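Q: What follows is a structure written as structure tokens; I'll ask about it next.
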Amino acid sequence: MGHESLREQRPGLGDLMDGVRVVAVDDASILVLEKVTQEIKDTLNTRIVEYCYGRAKAAEDSDYYSLETTLDEFFKLYDTKGEQTQLGIAGELVVHLLVPHGHEKLVSAALYLNKEERAIKKGFDLTFYDDHDGGLWYGEVKAGKVSDSQTADSKVRDLIGVAERSLHEMFTSDVRKKRWDAALLDADATLHSAQASSVKKLLRADFKTVHGGGTAKVRALLCGVVMRDLMLDEIDSETGKALIESVKSRGRFADLRLLLIQQSDLEDLIKELRTRSERPSDGR
Numbered sequence: 002m003g004h005e006s007l008r009e010q011r012p013g014l015g016d017l018m019d020g021v022r023v024v025a026v027d028d029a030s031i032l033v034l035e036k037v038t039q040e041i042k043d044t045l046n047t048r049i050v051e052y053c054y055g056r057a058k059a060a061e062d063s064d065y066y067s068l069e070t071t072l073d074e075f076f077k078l079y080d081t082k083g084e085q086t087q088l089g090i091a092g093e094l095v096v097h098l099l100v101p102h103g104h105e106k107l108v109s110a111a112l113y114l115n116k117e118e119r120a121i122k123k124g125f126d127l128t129f130y131d132d133h134d135g136g137l138w139y140g141e142v143k144a145g146k147v148s149d150s151q152t153a154d155s156k157v158r159d160l161i162g163v164a165e166r167s168l169h170e171m172f173t174s175d176v177r178k179k180r181w182d183a184a185l186l187d188a189d190a191t192l193h194s195a196q197a198s199s200v201k202k203l204l205r206a207d208f209k210t211v212h213g214g215g216t217a218k219v220r221a222l223l224c225g226v227v228m229r230d231l232m233l234d235e236i237d238s239e240t241g242k243a244l245i246e247s248v249k250s251r252g253r254f255a256d257l258r259l260l261l262i263q264q265s266d267l268e269d270l271i272k273e274l275r276t277r278s279e280r281p282s283d284g285r
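In short: position in the sequence shown from 1, add 1, done, that's this note's numbering.
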């Protein structure tokens with residue numbers, strides 16, 4: 002389905018952020034980042050600090066957790082990584098920026114920077130507090146470029162398949178306590194005390210369940226971020242519906258949401274952050 006047909010199927014949600022188009026299909030949200038607008042730039046500048054250090058931490062001291070300091074730390078890490086890792090970082094950044102516009106009830110409970118060293122944190126890709134029912138969601142993000150033999154649809158199907166298997170294995174064949182340890186620390190940095198307390202209780206309960214050989218009731222947000230020229234093709238709304246049905250049919254998760262994102266160049270946001278980091282601190 003092409004560019005215009007996706008526009009025609011846009012529901013009443015409309016464009017919740019200038020430059021972003023949203024399509025909701027069942028429990029999947031398809032977000033197309035058409036261009037990096039001023040609204041996106043402003044939102045990115047706010048959320049990059051929360052992404053790196055957590056909303057609760059950032060609110061404690063805006064000077065200490067300044068945008069300039071955050072960007073300096075961000076690029077000290079980003080610039081040491083290989084192309085594939087950088088693509089993954091860019092994908093997670095896009096997800097962090099756009100989750101509120103695809104699944105508005107989910108509040109991020111995860112950090113980007115490791116607490117003990119300048120490294121990508123060693124936990125789950127994302128965790129979320131459900132502002133509607135107080136529950137916990139685990140997120141897995143996969144990002145990639147579309148090859149000459151692929152379409153946006155085929156690529157996002159592949160990415161969601163990998164994300165599904167990867168997250169499922171974290172609760173079955175590849176259980177590692179350090180993931181929960183990192184998530185527990187993240188909760189304190191990102192959430193208000195009551196929310197953090199709720200999330201930490203659920204995290205500990207899930208680990209004890211799987212560590213004891215039981216099956217945790219995992220609520221999963223699987224995210225596929227595709228780099229593809231919007232003039233070539235776009236993610237079809239029917240793909241979102243089919244993916245939801247396919248993943249649900251395997252019964253690996255107690256609850257499921259999908260976030261499918263397409264952008265012509267995943268590094269556009271990184272480029273914007275780099276430009277911002279090179280400006281004088283007064284922004285001129």
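Positions of the beta carbon are idealized from the N, C-alpha and C atoms, including for glycine. Here the structure is a predicted model, which is why all the values come from computation and not from measurement.
#1: His97 to Gly103, Cα distance in whole Å?
#2: Considering only the beta carbon of each residue, do Ile31 and Ser265 sit closer than 8 Å?
#3: Given a cut-off of 8 Å, decide if Ala110 and Lys242 are closer than it, judged by their beta-carbon atoms.
#4: Pop quiz: Ala59 and Glu51 are said to be a contact at Cβ under 8 Å. What is the actual Cβ separation, rounded to whole angstroms?
#5: Where does Phe129 sit, in a helix, a strand or coil, going by DSSP?
#6: Under a three-way DSSP split, which group does Glu117 fall into?
#7: Taking the alpha carbon of Val227 as the point to measure from, which residue in Ser198, Glu246, Ala206 and Ile262 has its own alpha carbon closest?
#8: Using 10 angstroms around the beta-carbon of Arg288, count the other beta-carbons present and answer buried if the total reaches 16, otherwise exposed.
#9: Using three-state DSSP, classify Asp175 as helix, strand or coil.
#10: Whose C-beta lies closer than 8 Å to the C-beta of Leu185 among residues of the same chain, with five residues either side of it excluded?
#11: Can you say whether Met232 is buried or exposed, counting buried as having 16 or more other CB atoms within 10 angstroms of its CB?
#12: Identify whether Ile271 lies in helix, strand or coil by the three-state DSSP scheme.
#13: Look at Leu112 and Thr191 and say whether their C-beta atoms are less than 8 Å apart.
#14: Is Lys146 helix, strand or coil by DSSP?
#15: Taking 8 Å as the threshold (beta carbon to beta carbon), is Lys178 in contact with chain D?
A: Reading off the structure:
#1: 11 Å
#2: no
#3: no
#4: 6 Å
#5: strand
#6: Here the model assigns Glu117 a pLDDT of 49, short of 50, so the residue's position is not dependable and the matter cannot be decided.
#7: Ile262
#8: Residue numbering for the chain in the displayed model covers 2 to 285; residue 288 lies beyond these limits and cannot be assessed.
#9: coil
#10: Lys201, Leu204 and Arg205
#11: exposed
#12: helix
#13: yes
#14: strand
#15: No chain D is present in this structure, which holds just one protein chain.
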